[in-house]
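Next up, the structure:
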């Protein structure tokens with residue numbers, strides 16, 4: 001009986017296949033993972049020579065001016081009201097009148113304190129500090145490891161309502177920063193047709209504005225002044241109402257982030273990856289009601 005020759009070159013390697021399958025599956029899962037490891041992400045940011053800025057607010061001099069001016073005016077009104085109507089009331093008024101004006105003075109004092117505390121605890125910048133090996137001149141770059149500690153420098157205004165004080169610096173770890181809502185809010189991607197129509201509409205608007213400026217040269221300074229005044233009044237309104245800020249907890253203390261005019265790395269996604277997210281129940285309820 002004659003045996004059939006078997007070629008091992010054409011046979012399928014049975015022991016190699018699971019290894020290649022496992023490695024390809026791991027690579028596929030790593031690529032498709034929507035939430036990368038925050039530790040490794042922060043270590044990559046720490047490889048920069050001067051660190052990486054995650055958040056930085058713009059100068060808010062008009063906001064500070066409006067807040068402190070409102071606080072000073074309201075406190076002055078409260079003091080004058082108490083002096084003339086409580087301690088030195090006019091002759092012939094009832095006994096209850098000084099008490100009523102005293103209550104009004106206390107309410108005005110509360111408003112003044114509220115205006116004075118508007119600029120307090122506003123975060124100026126959040127920065128990932130560089131690694132120790134990165135800051136040494138001439139040192140070879142070291143690959144980040146899981147044991148490398150990520151440190152974040154936070155600069156914020158103090159809690160005292162006193163203008164001119166230096167910023168407070170804090171060196172914290174990422175888990176000491178808590179966000180009540182995500183910084184990055186993805187927008188609905190418009191279709192190609194909508195993009196085309198929006199671009200055409202924007203070009204038409206700019207052309208009409210340029211043509212109007214050419215035909216009305218005498219009123220151009222007034223229109224520019226109107227836009228500048230609108231920006232100033234927006235800052236004044238923010239100083240009075242405190243709008244445009246989001247809460248952030250750092251080392252157990254509540255601070256405020258300017259989410260209207262500030263710079264955020266990757267539109268806030270970098271800070272979302274590193275910080276802890278503990279959504280406020282009120283915000284979660286509002287979102288659920290809005291989605292329903």
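In the UniProt record's numbering, the protein residues as written are 1 to 292.
Note that beta-carbon positions come from the ideal geometry of N, C-alpha and C, so glycine has one too.
For clarity, every value in this text was computed on a predicted model and none was experimentally measured.
For residue 258, the number of other beta carbons within 10 angstroms of its own is at least 16, and it is reported as buried. If only uninterrupted alpha helix (DSSP H) runs of at least 4 residues are considered, those enclosed by the segment 167 to 220 are 192 to 215. Here residue 104 is near residue 81, since their CB atoms are less than 8 angstroms apart. Between residue 179 and residue 48 the beta-carbon gap is near 23 angstroms, outside 8 angstroms, which marks them as no contact. Distance between residue 40 and residue 150, taken at the CA atoms: about 9 angstroms. Of all alpha-carbon atoms in 62, 173, 256 and 251, the one lying nearest the alpha-carbon of residue 245 is that of 256. If the five residues before and after residue 168 are omitted, its C-beta is found closer than 8 angstroms to the C-beta atoms of 155, 156, 157 and 158, all from its own chain and listed in chain order. With fewer than 16 neighbouring CB atoms inside 10 Å of its own CB, residue 187 falls in the exposed class. Per DSSP, the continuous alpha helix (DSSP H) segment holding residue 98 begins and ends at 96 to 116. Shortest Cα-Cα distance from residue 266 to any of 55, 65, 198 and 46 involves 55.
When DSSP states are grouped into helix, strand and coil, residue 240 belongs to the helix group.
Rounded to the nearest whole angstrom, the CA to CA distance from residue 189 to residue 241 is 32 angstroms. Look at the beta carbons and you see the segment 109 to 124 touching the segment 73 to 89: at least three pairs across the two are nearer than 8 angstroms. Around the C-beta of residue 45, 16 or more other C-beta atoms lie within 10 Å, and the residue is accordingly described as buried. Residue 272 sits away from residue 124, with the two beta carbons spaced by 8 angstroms or more. Under the criterion of beta carbons closer than 8 angstroms, residue 163 and residue 50 do not qualify as touching, at roughly 30 angstroms.
Residue state for residue 229 is assigned as helix, using DSSP reduced to three classes. Where residue 125 is concerned, there is no enclosing alpha helix (DSSP H), although the beta strand (DSSP E) around it starts and stops at 123 to 128.
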